[in-house]
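Protein sequence lines, in the order shown, are assigned to chains U and Y. The opening residue of the first sequence carries number 256 in the numbering used here; numbering runs sequentially from there. The opening residue of the second sequence carries number 256 in the numbering used here; numbering runs sequentially from there. Don't be surprised by glycine CBs; every beta carbon is placed ideally from N, CA and C. As the structure is a prediction and not an experimental result, all values here were calculated from the model.
Protein chains: 2
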Amino acid sequence: MSTAPAVPPSPADSDLVRAARGLPVDRTPVWFMRQAGRSLPEYRALRAGTAMLQACQDPDLVTEITLQPVRRHGVDAAILFSDIVLPLVVAGVDIEIKPGVGPVVASPVRTVADVDALPGLEPDRLDFLATAVRRLVAELGPTPLIGFAGAPFTLATYLIEGGPSKEHARTKAFMYAEPEAWTRLLERLAVSAATFLRVQVDNGASAVQLFDSWAGVLSAADYAARVLPHSRAVFDGLGDRERGERDVPRVHFGVGTGELLPLLGDVGADVVGVDWRVPLDEAARRVGPQRTLQGNLDPAVLLADRETVDREVRRVVEQGRAARGHVFNLGHGVLPETDPGVLTHVVELVHELSQR
Amino acid sequence: MSTAPAVPPSPADSDLVRAARGLPVDRTPVWFMRQAGRSLPEYRALRAGTAMLQACQDPDLVTEITLQPVRRHGVDAAILFSDIVLPLVVAGVDIEIKPGVGPVVASPVRTVADVDALPGLEPDRLDFLATAVRRLVAELGPTPLIGFAGAPFTLATYLIEGGPSKEHARTKAFMYAEPEAWTRLLERLAVSAATFLRVQVDNGASAVQLFDSWAGVLSAADYAARVLPHSRAVFDGLGDRERGERDVPRVHFGVGTGELLPLLGDVGADVVGVDWRVPLDEAARRVGPQRTLQGNLDPAVLLADRETVDREVRRVVEQGRAARGHVFNLGHGVLPETDPGVLTHVVELVHELSQR
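If you want it as structure tokens, here you go:
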């Protein structure tokens with residue numbers, strides 16, 4: 256009989272990181288997008304009186320809010336509490352997050368000159384982020400911290416529309432009518448997203464997730480030609496993986512991306528997030544055997560009765576076996592009205608169903 | 256040489272109806288969802304001072320607004336100017352359309368009792384509709400009028416959410432948690448949609464379109480089990496096609512339905528509307544050879560430069576050749592900021608590209 260060496264467990268050996276790399280796991284890892292947020296009473300208490308973008312730049316608040324769901328639910332990963340517009344705000348773009356609305360941009364980007372006038376993100380403005388990540392990594396021990404950044408396209412939609420949008424019509428019109436300005440805008444956003452992620456990895460984040468929430472509003476042809484290269488540039492900006500530079504698992508996420516799944520591997524992601532519209536076994540066929548899948552319970556299912564929740568969780572775990580690796584998650588963020596007890600239950604159920 | 260009989264051309268012989276039935280056409284027919292509406296200055300002038308739901312019940316306004324885009328653009332079909340919540344409003348449900356928001360329901364449906372309390376739609380309240388349709392058919396001559404109704408699922412989302420929604424979380428929670436009430440609600444909505452369409456066909460509409468705009472938020476499994484039967488009930492409610500009862504082409508439309516396309520034939524539609532996410536040649540494979548396709552230019556393309564518009568129109572016409580028949584349209588409604596001159600140009604270009 257051999258004895259295991261007495262080294263403390265490390266996030267690099269966690270089920271999350273192993274599943275992301277396609278390695279065998281003890282149990283299917285599970286975390287939830289927006290697990291740190293409004294579904295938790297302790298979050299609402301902590302955030303009271305502090306604006307969202309202020310909270311995201313306060314290392315104490317970021318640390319505590321990021322840890323809350325790990326303590327409460329026993330999820331297999333923490334995700335940095337942040338907002339996709341934060342790198343823009345830190346760089347000096349005038350953006351406010353209006354409760355019940357979303358990010359509102361004071362001077363939307365409508366011309367080439369607007370693009371050129373966007374300030375770049377100086378790494379020395381990210382001390383708050385480095386501090387928060389270092390503290391989190393120390394507190395989390397063997398639990399991995401997933402770094403967070405918004406993808407160039409989704410950030411561009413906010414800058415161009417001036418706020419949240421249903422149709423993203425201005426964004427597409429700009430993309431079609433001003434291809435050079437479009438490219439320059441997305442290149443700049445890719446540079447700042449990479450800067451934002453590098454600081455997180457350099458301070459100990461064990462994986463990164465790029466949120467391209469609205470990529471699914473594009474046709475595959477437009478996505479491939481006008482967006483994908485810029486998302487890839489973000490991941491490439493982490494360094495040369497072959498030489499081991501910041502070689503942490505990379506997760507790509509978007510909603511309504513069914514038609515884009517065959518392309519998403521080219522972004523350079525190890526893990527492709529899938530929403531509830533495409534069953535994971537079908538998603539595995541579209542994405543191909545070289546990627547792990549993340550998802551894909553419909554967040555609205557968590558508002559239903561326990562029987563429905565359990566049935567749907569079982570289905571997702573079962574269909575996830577078709578992928579080379581599966582990270583259980585929702586297909587989009589936790590809805591604010593979700594009962595946190597249900598989230599804890601889902602973590603337990605996924606672990607129980609997938610225990611080797 | 257034979258001589259054609261001297262009968263006047265009829266909507267039943269129009270390219271729209273022929274394409275919908277999979278018969279040869281002279282040119283690809285083209286119309287636009289929301290062609291009657293805010294993109295037209297003559298519409299904005301006519302609507303000034305009249306609330307949306309009031310306008311939809313005024314036969315003079317309905318007739319004139321429906322005719323405006325036919326006169327201006329030379330489209331191959333008129334679509335009845337209406338709103339998907341109108342049958343509910345006529346039945347007595349308290350709904351207001353708030354400008355910039357959408358339909359707002361005074362007392363949302365949250366319980367079984369709420370479902371049972373919903374008033375049914377009495378056909379004798381639809382005289383305004385019969386009048387408008389008769390006048391339109393007389394005015395339109397050989398140009399077909401497409402009848403209009405909202406599908407049970409999309410109507411249910413407004414009733415349950417109380418208004419427009421991004422996540423449709425309450426709707427799904429109700430669907431999962433209250434399956435019997437859900438079925439009863441959708442059955443009732445199917446009955447009133449069928450009533451609404453029957454009046455239009457009985458007064459001369461040459462085709463009908465069922466708008467299930469938000470069906471794409473559902474997984475295929477949920478759509479098949481909990482929604483599809485009710486959309487089929489609407490079409491079945493038109494009568495027995497085998498016996499020639501109201502045997503007009505039936506169009507089904509929804510946004511983001513890529514995963515649902517293999518199912519949509521089962522709704523009983525002759526024509527399946529497709530948005531810009533799925534190219535029409537791929538959509539033809541998913542829908543199968545027994546249906547005509549309608550779509551699928553991204554409405555945002557119409558905000559771009561002329562070169563982009565022309566390139567994308569050519570692509571859609573080309574890809575549409577893969578279907579047994581093609582009705583050119585947008586993938587969703589005309590955006591209010593669209594230059595009407597571009598719409599006229601698209602009609603001419605589609606006709607030119609498809610002239611036999």
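In the DSSP assignment, the residues bridged to Gln549/Y are Gly528/Y and Val582/Y. In the DSSP assignment, Phe429/Y falls within the alpha helix (DSSP H) that extends over Ala424 to Ala432.
A distance below 7 Å between beta-carbons, with the five flanking residues on each side excluded, links Asp270/Y to the following residues of its chain, in chain order: Val280, Asp281, Arg282, Pro284 and Asp331. Within its own chain, the residues whose Cβ lies closer than 6 Å to the Cβ of Thr409/Y, once the five positions on either side in sequence are excluded, are Asp467, Ser468 and Trp469, listed in chain order. Nearest CB-CB separation between Val556/Y and chain U: below the 8 Å threshold. By the neighbour-count definition (other C-beta atoms within 10 Å, threshold 16), Asp382/U is an exposed residue. Counting only Cβ-Cβ distances below 8 Å, Lys353/U has no contacts in chain Y at all, with the closest Cβ about 15 Å away.
Nearest CB-CB separation between Tyr413/Y and chain U: not below the 8 Å threshold. About 7 Å separates the beta carbons of Arg546/Y and Ala524/Y, which is inside the 8 Å limit, making them a contact pair. Taking every protein chain shown into account, the CB of Ala387/Y has 16 or more other CB atoms within 10 angstroms, so this residue is buried.
Counting only runs of at least 3 residues, the segment 313 to 346 of chain U fully encloses no beta strand (DSSP E) element at all. Annotated three-state conformation of His587/U is coil, per DSSP. 8 Å or more divides the Cβ of Val367/Y from the Cβ of Tyr413/Y. In the structure shown, Leu400/Y adopts extended strand secondary structure according to DSSP, grouped into three states. Residue pairing by DSSP places Arg505/Y opposite Val463/Y in a beta bridge. Val360/Y and Asp495/U have their C-alpha atoms roughly 55 Å apart. At least one beta carbon of chain Y lies nearer than 8 Å to the beta carbon of Trp531/U. Taking the C-beta atoms as reference points, Pro554/U is found no nearer than 8 Å to Leu518/U. Residue-level contact by beta carbon holds for Asp560/Y and chain U, with a gap shorter than 8 Å. Not one beta carbon of chain U lies nearer than 8 Å to the beta carbon of Ala368/Y. If the five residues before and after Ala538/U are omitted, its C-beta is found closer than 7 Å to the C-beta atoms of Leu516, Val529 and Leu548, all from its own chain and listed in chain order. Counting of Cβ neighbours within 10 angstroms places Asp521/U among the exposed residues, the total staying below 16.
Listed along the chain, the chain U residues whose CB falls inside 7 Å of the CB of Gly513/Y are Gly513 and Glu514. Annotation for Pro342/U: Leu376, Ser447 and Phe451 place their beta carbon closer than 6 Å to its own, counting only its chain and skipping 5 residues before and after. Out of Arg498/Y, Lys353/Y and Arg579/Y, the CA that lies nearest to the CA of Ala275/Y is found in Arg579/Y. Here the C-alpha atom of Gly355/U lies approximately 12 Å from the C-alpha atom of Gly418/U.
Taking CB atoms only, Asp313/U has no neighbour in chain Y less than 8 Å away. Asp457/U has a beta carbon lying at 8 Å or more from every beta carbon in chain Y.
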